[in-house]
Amino acid sequence: MEKSVSSLESVSFFAAVVVCGILSVRIIVPPNHTPRASAWKSDSIAFYAGNNVFIYMSIAAVSALNLYYAALVASPPATAARICPVGTTARLNPELFAWSPTTAASFLAILVGAPLRLGAFHGLGRNFTFGLAKPSGLVTDGIYRYIQHPSYTGIFLVAVAAAATFFRPDGAAACLIPTRYGPLIDAWLPTAYAGLGLLTVLQIYTRVSQEEAMLKELFGKEWIQWNKRTARFIPGLL
Numbered sequence: 000m001e002k003s004v005s006s007l008e009s010v011s012f013f014a015a016v017v018v019c020g021i022l023s024v025r026i027i028v029p030p031n032h033t034p035r036a037s038a039w040k041s042d043s044i045a046f047y048a049g050n051n052v053f054i055y056m057s058i059a060a061v062s063a064l065n066l067y068y069a070a071l072v073a074s075p076p077a078t079a080a081r082i083c084p085v086g087t088t089a090r091l092n093p094e095l096f097a098w099s100p101t102t103a104a105s106f107l108a109i110l111v112g113a114p115l116r117l118g119a120f121h122g123l124g125r126n127f128t129f130g131l132a133k134p135s136g137l138v139t140d141g142i143y144r145y146i147q148h149p150s151y152t153g154i155f156l157v158a159v160a161a162a163a164t165f166f167r168p169d170g171a172a173a174c175l176i177p178t179r180y181g182p183l184i185d186a187w188l189p190t191a192y193a194g195l196g197l198l199t200v201l202q203i204y205t206r207v208s209q210e211e212a213m214l215k216e217l218f219g220k221e222w223i224q225w226n227k228r229t230a231r232f233i234p235g236l237l
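The C-terminal position of the sequence shown is numbered 237 in numbering that gives the first Met the number 0, with every residue numbered one higher than the one before it.
1. Quick one, which of SER41, ALA80, PHE129 and SER74 has its alpha-carbon nearest PRO34's?
2. Who are the near neighbours of PRO30 in its chain, counting only those whose CB is closer than 7 Å to its CB and skipping five residues on each side?
3. Taking only the alpha-carbon atoms, compute the straight-line gap between LEU117 and SER150 and give it to the nearest angstrom.
4. Could you tell me if VAL157 is buried or exposed, where buried requires 16 or more neighbouring beta carbons within 10 angstroms of its beta carbon?
5. Could you have a look at ALA97 and say whether DSSP puts it in helix, strand or coil?
6. Quick one: give me the first and last residue of the alpha helix (DSSP H) that LYS215 is part of.
7. Tell me where the alpha helix (DSSP H) around TYR245 begins and ends.
8. Could you spell out where the alpha helix (DSSP H) holding ARG81 opens and where it closes?
9. Please state whether DSSP places ILE146 in a helix, a strand or coil.
10. Which word fits THR78, buried or exposed, when buried means at least 16 other C-beta atoms lie within 10 angstroms of its C-beta?
11. Kindly indicate the opening and closing residues of the alpha helix (DSSP H) around GLY71.
12. Alpha carbon to alpha carbon, how far is PRO75 from CYS83?
13. Alpha carbons only, please: which of THR205, GLU8, VAL10 and LEU214 is nearest the one belonging to GLY136?
14. In angstroms, rounded to a whole number, what distance separates the CA positions of TYR59 and PHE165?
15. Do you know whose CA, among VAL28, GLY194 and ASP185, lies nearest PHE53's CA?
16. Within 10 angstroms of the Cβ of THR190, are there 16 or more other Cβ atoms? Answer buried if so, exposed if not.
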């Protein structure tokens with residue numbers, strides 16, 4: 000019975016890794032290209048949001064690391080040691096390769112965040128572009144009846160969850176980092192996470208401000224009324 004339970008846990012965990020990995024890639028694939036003719040005058044992330052090379056490199060990198068993580072999860076110890084360079088398997092954190100509070104919370108965040116962002120893709124249709132562009136109209140129905148920026152809420156949840164699992168230096172990435180750099184990474188990791196978190200929040204704040212300024216300029220009173228009756232990111236909280 001114990002073996003059956005253990006096998007079920009392993010299979011369910013691998014399935015969760017695959018599903019969450021696919022979702023974490025899907026949300027960074029642009030649903031539409033940003034049309035140059037309607038690109039907005041102020042866009043703080045235009046240098047990479049509208050850069051196809053950067054976007055496709057990001058998709059490839061995230062996909063590769065997610066596949067590598069899934070391969071490590073599916074492999075028995077002997078096989079994992081072969082696909083993980085010699086001397087780095089000791090840095091792999093077992094809690095990231097099985098069900099644990101960290102993986103359960105992270106996968107739940109992805110399963111909530113990814114549909115939010117994909118729902119925004121669907122809700123805006125051809126108006127959803129990674130670069131800031133003039134929309135054909137103000138969408139206030141569907142998910143936008145309750146939240147003004149579901150896309151940012153969704154990608155933030157997925158990014159935090161991915162940082163806690165897929166991209167941890169003691170996760171799959173440990174197999175790609177020379178052992179001698181381990182202590183240095185451990186020492187600077189809290190600072191790096193804090194800096195990256197602050198940069199992400201500031202970037203989202205700046206982009207949201209630019210997007211709202213654009214919508215207010217284009218739609219005036221209609222946007223103001225919608226802005227007053229809906230939450231920015233989380234209904235009842237933010």
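Heads up, the beta-carbon is just placed ideally off N, CA and C, and yes, glycines get one too. Note that the structure is a prediction, hence the values are computed from the model and not measured.
To lay it out plainly:
1. PHE129
2. Within the same chain, and ignoring the five residues on either side of PRO30 in sequence, the residues whose Cβ sits closer than 7 Å to its Cβ are PHE120 and PHE127.
3. 8 Å
4. buried
5. coil
6. 181-218
7. A question about residue 245 goes unanswered here, because the residues of the chain that appear run from 0 up to 237.
8. 76-82
9. strand
10. exposed
11. Looking at the sequence provided, one finds Leu at residue 71 rather than Gly. It spans 51-73 - the alpha helix (DSSP H) in which LEU71 sits, taken as one unbroken run.
12. 12 Å
13. LEU214
14. Strictly speaking, residue 59 in this sequence is Ala, with Tyr absent from that position. Their backbone Cα atoms lie some 14 Å apart in a straight line.
15. VAL28
16. exposed
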